[in-house]
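Those sequence lines, one after another, are chains A and B.
Numbered per numbering that gives the first Met the number 0, the first sequence spans residues 0 to 98.
Numbered per numbering that gives the first Met the number 0, the second sequence spans residues 0 to 540.
In this text, a Cβ means the ideal position worked out from N, Cα and C, and glycines have one as well.
Take a look at the structure below.
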Amino acid sequence: MSPTIYLLLSALLFAIGAVGVLVRRNAIVVFMCIELMLNAVNLTLVTFSRINGSLGGQIMAFFVMVVAAAEVVVGLSIIMAIFRTRRTTSVDDANLLKY
Amino acid sequence: MTGQAFPSVDYGALAPVLIVLGGACVSVLLEALLPLRVRGRAQLGLTLTVVAAALVAVIVRATSGAAPVSTLAGALAVDGPALFLWGTLLALAVPSVLLLADRSVEPGGAFLADPVALGEAEAAEQRVAVGARAGGSSSARSSGGGGGRPGRSSRGQAPVESQSEIYALVLFALGGMLVFCAADDLLTMFVALEVLSLPLYLLCGLARRRRLMSQESAVKYFLLGAFSSAFFLYGLALLYGYADSVKLSDISLAAAGSLRPDSLLFGGLALLVVGLLFKASVGPFHTWTPDVYQGAPTSVTAFMAACTKVAAFGAILRVFTVAFGSTVWEWRGVLWVVAIASMVIGAVLGLTQTDVKRMIAYSSVAHAGFLLLGAMAITPQGLSATLFYLLAYGFTTVALFGLVSLVRGPDGEATHLSAWAGLGKRAPVVAAAVTFLMLALAGIPLTSGFTAKFAVFAAALADGMAPLVIVALVVSAVAAFFYLRLIVLMYFSEPAADGPTVSVPGPFTTVAITLGVVVTLLLGIVPTAVLGWADGLSFLG
Chain A
0 MSPTIYLLLS
10 ALLFAIGAVG
20 VLVRRNAIVV
30 FMCIELMLNA
40 VNLTLVTFSR
50 INGSLGGQIM
60 AFFVMVVAAA
70 EVVVGLSIIM
80 AIFRTRRTTS
90 VDDANLLKY
Chain B
0 MTGQAFPSVD
10 YGALAPVLIV
20 LGGACVSVLL
30 EALLPLRVRG
40 RAQLGLTLTV
50 VAAALVAVIV
60 RATSGAAPVS
70 TLAGALAVDG
80 PALFLWGTLL
90 ALAVPSVLLL
100 ADRSVEPGGA
110 FLADPVALGE
120 AEAAEQRVAV
130 GARAGGSSSA
140 RSSGGGGGRP
150 GRSSRGQAPV
160 ESQSEIYALV
170 LFALGGMLVF
180 CAADDLLTMF
190 VALEVLSLPL
200 YLLCGLARRR
210 RLMSQESAVK
220 YFLLGAFSSA
230 FFLYGLALLY
240 GYADSVKLSD
250 ISLAAAGSLR
260 PDSLLFGGLA
270 LLVVGLLFKA
280 SVGPFHTWTP
290 DVYQGAPTSV
300 TAFMAACTKV
310 AAFGAILRVF
320 TVAFGSTVWE
330 WRGVLWVVAI
340 ASMVIGAVLG
350 LTQTDVKRMI
360 AYSSVAHAGF
370 LLLGAMAITP
380 QGLSATLFYL
390 LAYGFTTVAL
400 FGLVSLVRGP
410 DGEATHLSAW
420 AGLGKRAPVV
430 AAAVTFLMLA
440 LAGIPLTSGF
450 TAKFAVFAAA
460 LADGMAPLVI
470 VALVVSAVAA
480 FFYLRLIVLM
490 YFSEPAADGP
500 TVSVPGPFTT
510 VAITLGVVVT
520 LLLGIVPTAV
530 LGWADGLSFL
540 G
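This is how it looks when you write it as structure tokens:
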């Protein structure tokens with residue numbers, strides 16, 4: 000099977016993640032959608048690595064995983080902090096700053 | 000793939016980065032080992048020492064005439080622009096750190112992570128603000144329980160000491176910025192982007208006062224920042240598919256002659272640029288800027304507004320020049336639209352603001368448009384003009400936010416425009432300094448803002464962007480209106496009876512503000528020294 004199909008799959012996953020960020024209301028779910036986008040990128044990198052016949056893309060996927068893990072730590076702690084004061088993680092309720 | 004040879008490391012060239020990141024690690028250790036009483040002072044001393052040492056290392060390197068090198072297997076390029084940007088970042092870090100360290104304006108410092116340690120007044124403010132949504136104050140108060148801090152004073156006594164973790168976070172962010180603007184391949188750039196962003200997300204949420212707004216700004220900045228870095232990353236992946244490498248020079252080579260479809264190249268470029276422009280708060284990718292600038296503690300806003308912009312534009316300049324310089328005619332049209340959008344959005348929405356911090360935020364969006372003008376002109380003139388603009392704008396902004404933090408009402412900073420009415424009578428020195436900096440932002444002669452704008456517009460004009468320069472001039476005039484409105488408000492309105500007080504700044508804030516004002520003045524009167532240095536710099540590769 001042609002590896003191109005994996006590129007299409009990863010583009011689709013990326014798009015699903017991006018749409019999810021835009022339409023979902025829960026900060027945790029929004030964050031999960033961002034993680035989906037990052038993993039879609041990983042799939043793209045690995046596929047290109049296969050197509051190009053070089054290992055660089057697979058190494059980069061590891062970098063992305065590490066960075067994503069660090070992002071989870073910081074992100075969840077911020078969401079936890081706001082949940083403690085507001086008792087909600089809905090991004091619609093965070094509306095003190097606007098215009 | 001050339002065997003297992005270990006890449007050569009030029010420690011001399013990397014010294015500033017190593018000093019800052021090493022200092023950040025030491026700072027984390029100090030946080031764990033030192034007793035609470037001495038921690039704040041020790042951390043401040045360490046941070047200032049580290050920044051000064053790194054600055055010295057940059058100056059030594061820049062004056063030694065060492066040839067530009069690409070080190071760590073081509074991951075970092077230490078060339079003329081990189082050294083200029085490093086110098087700018089470290090010089091801006093000094094006043095920013097001083098503002099962060101200030102205890103005179105807000106007793107105990109402006110940072111606090113543990114909501115339980117909040118004072119009585121703060122708890123009351125929260126109760127009102129959260130109201131019905133939080134289901135009463137009891138839940139909000141009891142939720143942060145546990146984790147008793149040993150040095151926590153009981154209610155009614157001296158204010159709880161500020162967090163000293165902020166220094167470690169600032170150093171990590173600074174290290175990320177240094178790497179970001181010197182990164183010679185996109186993967187290093189991505190990692191640096193995250194290293195600079197993650198500490199900033201945390202810093203935004205640590206305010207002692209107005210915690211809800213502070214936390215809200217942290218969540219918004221985090222979610223949008225992570226969203227945009229995902230775009231950056233997808234752009235990286237597409238460019239990897241196109242060029243089989245993420246080194247900027249390899250992408251440039253591949254763009255000159257590759258059998259692969261151009262859609263990969265330009266799709267990758269577009270996504271990559273979205274991520275970069277977001278960090279630089281340009282144009283339609285600016286939506287986070289006003290919210291985060293307003294919600295974050297003012298000293299963090301000062302650091303973020305000045306240093307992040309320098310780092311982001313440093314990376315934009317490098318990516319445009321090194322990787323995409325050969326295809327500039329094919330993508331520049333799109334950036335025309337972005338630059339115009341950024342300038343117009345910044346100026347027009349800036350007019351409608353009623354909060355000083357938001358107003359400065361929209362002004363920064365307009366300034367990002369001007370900077371983009373210089374960055375799009377892929378010429379040596381454009382490069383030196385943009386570098387000069389970054390330096391000038393950074394110092395003006397840091398000093399301005401320092402001044403904003405002085406004007407205070409009963410519940411923290413009074414940033415609403417109406418609170419600033421008649422400030423010229425109440426606090427003539429502060430009002431005069433604000434006036435001078437506002438004139439600098441507007442670009443009036445004898446300030447650095449004029450020289451910087453002139454240099455950028457001249458570079459853009461020389462590169463055939465006359466229509467953009469005309470738009471920029473019109474926008475400058477529109478933006479001058481809201482800068483002048485604040486000046487008029489300060490001098491020609493009667494002060495309100497229950498208006499804000501203007502704190503007498505402690506030594507740290509005084510030094511930071513004075514530094515910013517003096518640099519703004521000097522760069523306006525004798526710009527040739529710095530312009531001469533910025534001239535003739537060129538990227539490696």
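Using 8 Å for Cβ pairs, my map puts Ala229/B next to Leu37/A. What's the rounded Cβ distance?
6 Å
Taking all protein chains shown into account, decide if Gly86/B is buried (16 or more other Cβ within 10 angstroms of its Cβ) or exposed.
buried
What distance in whole Å lies between the Cβ atoms of Ile81/A and Glu215/B, which are believed to be in contact at a cut-off of 8 Å?
About 7 Å separates the CB atoms of Glu215/B and Ile81/A; that is less than 8 Å, so the two are in contact.
Do Val50/B and Cys180/B come within 9 Å of each other at the CB atom, strictly closer than that value?
no
Tell me, please, whether the stretch 421-434 of chain B touches the stretch 362-369 of chain B by the rule of three or more beta-carbon pairs shorter than 8 Å.
no
Against chain A, with Cβ distances strictly below 9 Å, would Glu412/B count as a contact?
no
Which class does Ser404/B belong to by DSSP, given the choice of helix, strand or coil?
coil
With 9 Å as the threshold, decide whether the Cβ of Ile77/A is near any Cβ in chain B.
yes
What does DSSP give as the partner residue(s) for Ser69/B in the beta ladder?
Ser69/B is bridged to Ala76/B.
Work out the CA separation of Phe47/A and Thr396/B for me, nearest whole Å.
Computed Cα separation, rounded: 43 Å.
List, in order along the chain, the chain B residues whose C-beta lies closer than 8 Å to that of Ala69/A?
The answer, in chain order, is Glu193 and Leu197.
Helix, strand or coil for Gly411/B, going by three-state DSSP, please let me know.
strand
Within the 9 Å Cβ cut-off, does Arg85/A reach chain B?
yes
For the alpha helix (DSSP H) holding His285/B, just list the boundary residues, first then last.
Per DSSP, His285/B belongs to no alpha helix (DSSP H) and is neither H nor E.
Grouping DSSP H, G and I as helix and E and B as strand, with all else coil, what is Ala254/B?
In the structure shown, Ala254/B falls within a helical segment according to DSSP collapsed to helix, strand and coil.
List in chain order: all unbroken alpha helix (DSSP H) runs of 4+ residues lying wholly within the stretch 17-103 of chain B.
35-63 and 79-100
Quick one: which unbroken alpha helix (DSSP H) runs of 4-plus residues sit fully inside the stretch 285-360 of chain B? Chain order, please.
287-294, 297-302, 308-317 and 327-350
Could you check whether the Cβ of Leu37/A sits closer than 9 Å to any Cβ belonging to chain B?
yes
Let's test the definition: count the other Cβ atoms within 10 Å of the Cβ of Leu166/B and tell me whether it reaches 16, buried, or not, exposed.
According to the sequence as given, residue 166/B is Tyr; it is not Leu. Tyr166/B is buried by the Cβ-count criterion.
Assign Val473/B to one of two classes, buried (16 or more other C-beta atoms within 10 Å of its C-beta) or exposed (fewer than that).
exposed
Below 8 Å CB to CB, which residues in the same chain sit around Ala418/B once its five sequence neighbours on both sides are set aside?
Val406, Gly408, Ala495, Gly498 and Pro499
Out of Val510/B, Met437/B, Ala4/B and Phe507/B, state which residue places its alpha-carbon closest to the alpha-carbon of Leu483/B.
The residue with the shortest Cα to Cα distance from Leu483/B is Met437/B.
State the DSSP-derived secondary structure class of Asp261/B, mapped to helix, strand or coil.
helix
Report yes if the CB atom of Ala255/B is closer than 9 Å to the CB atom of Ser325/B, and no otherwise.
yes
Looking at the C-beta of Ala72/B, does it have a partner C-beta in chain A at a distance below 9 Å?
no
Check distances from the C-beta atoms of the stretch 231-254 of chain B to those of chain A and list, in chain order, the residues that come in under 8 Å.
Leu232, Tyr233, Leu235, Ala236, Leu237, Tyr239, Gly240, Asp243, Ser244 and Val245
Just curious, the alpha helix (DSSP H) that Asn51/A is in, first and last residue?
Bounds of the alpha helix (DSSP H) holding Asn51/A are Ala26 to Asn51.
Are there 16 or more other CB atoms within 10 angstroms of the CB of Tyr388/B, so buried, or fewer, so exposed?
buried
Let's see if you can read the secondary structure: which residues bound the alpha helix (DSSP H) around Gly442/B?
Looking at the DSSP string, Gly442/B is not in any alpha helix (DSSP H), and its letter there is neither H nor E.
Can you tell me whether DSSP reads Ser89/A as helix, strand or coil?
Here Ser89/A sits in strand by DSSP.
Here's a check: name, in chain order, each residue in its chain whose Cβ is nearer than 8 Å to the Cβ of Val29/A, leaving out the five neighbours to either side.
Gly19, Val20, Arg23 and Val90
Tell me, please, whether the stretch 266-286 of chain B touches the stretch 102-113 of chain B by the rule of three or more beta-carbon pairs shorter than 8 Å.
No: fewer than three Cβ pairs fall under 8 Å.
Taking CB distances under 9 Å as the criterion, tell me whether Ala225/B reaches chain D.
Here chain D cannot be found, since the structure's protein chains are A and B.
Buried or exposed for Ala67/A, going by 16 or more other Cβ atoms inside 10 Å?
buried
Give me whichever residues DSSP pairs with Phe110/B in a beta bridge.
Ala206/B
On a Cα-Cα basis, can you pick out the residue from Leu54/B, Leu32/B and Asp462/B that is closest to Leu17/B?
Leu54/B
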